[in-house]
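Residue numbers (the UniProt record's numbering): 1 to 209. Ideal Cβ positions, reconstructed from N, Cα and C, are used throughout, including at glycine. Every value quoted in this text rests on a predicted model; they were computed, and no experiment measured them.
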Ligand code: EIS
């Protein structure tokens, strides 16, 4: 069974609210995936994402009945922190986490769509660069952009990456791409819903790190 399919996101309800517990349970499996990528270069990214998840979880477990949806958390923190909000608490952690999730979404979509560098068909640089430019670059100053360029060299080969997504099992490329498409069916609307929530609540910030 594929790593992705083991941890499918749930279908959103009609009001597009994201259930906090289900969301946290699902994203908690993502950091382990970095270990499959086989390079220490990814450990800073892994710990950043882990930190985001831990922070959101810490708020949720304080009062699960109060924080049923992610929006409940943002609204409670908006009331609690007043002028400090939204650059605070789980609101800030989810603001960054969703950018990582968007990065993964664009990367997987680009692979599923068969986008490749015809001269280097087994490299995923074009896919990773597209995801970076659309999801993260504008939030990074020149230093972090340079770190990205360095990490890009550690990006796995396309065949190895697809294999890692399938826990190293010998799965045919077409089957793996079908798994990715299946995964994206609920994943993409969930990430979209979180972005929409940040827009609607005016919680998005565009400072760079
Ligand atoms: C935030 O980090 C914290 O997350 C947040 C709070 O402390 C806030 C304060 O301003 O800062 O500085 C971090 C930023 N996070 C801001 C940078 C970390 C390293 C980024 C290096 C650039 C790497 C680009 C990605 C290249 C990946 C190549 C992959 C090839 C396969 C399937 C692969 C999945 C990769 C997913 C990549 C997601 C990257 C996410 C980076 C997020 C970021 O820019 S708080 O913490 O509120 O929780 O305390």
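Asked: Taking only three categories from DSSP, how would you classify residue 19?; Found: strand
Asked: Which residues in the same chain as residue 1 place their Cβ atom closer than 6 Å to its Cβ, once the five residues preceding and following it in sequence are excluded?; Found: Low per-residue confidence applies at residue 1: pLDDT is 44, beneath 50, and the placement is therefore not dependable enough to give any value.
Asked: For a quick check, are the C-beta atoms of residue 171 and residue 179 less than 9 Å apart?; Found: yes
Asked: Give me the residue from 73, 182, 191 with the minimum Cα distance to residue 135.; Found: 191
Asked: In chain order, what residues of the same chain lie with their CB nearer than 6 Å to the CB of residue 111, ignoring the 5 residues before and after it?; Found: 127
Asked: Taking the straight line between their C-alpha atoms, what separation do you get for residue 117 and residue 82?; Found: 48 Å
Asked: Return the first residue and the last residue of the alpha helix (DSSP H) that residue 110 is part of.; Found: 89-112
Asked: In or out: residue 146 buried (at least 16 other Cβ within 10 Å) or exposed?; Found: exposed
Asked: Less than 8 Å between the CB atoms is what I'm expecting for residue 184 and residue 109, so what's the real figure, rounded?; Found: 6 Å
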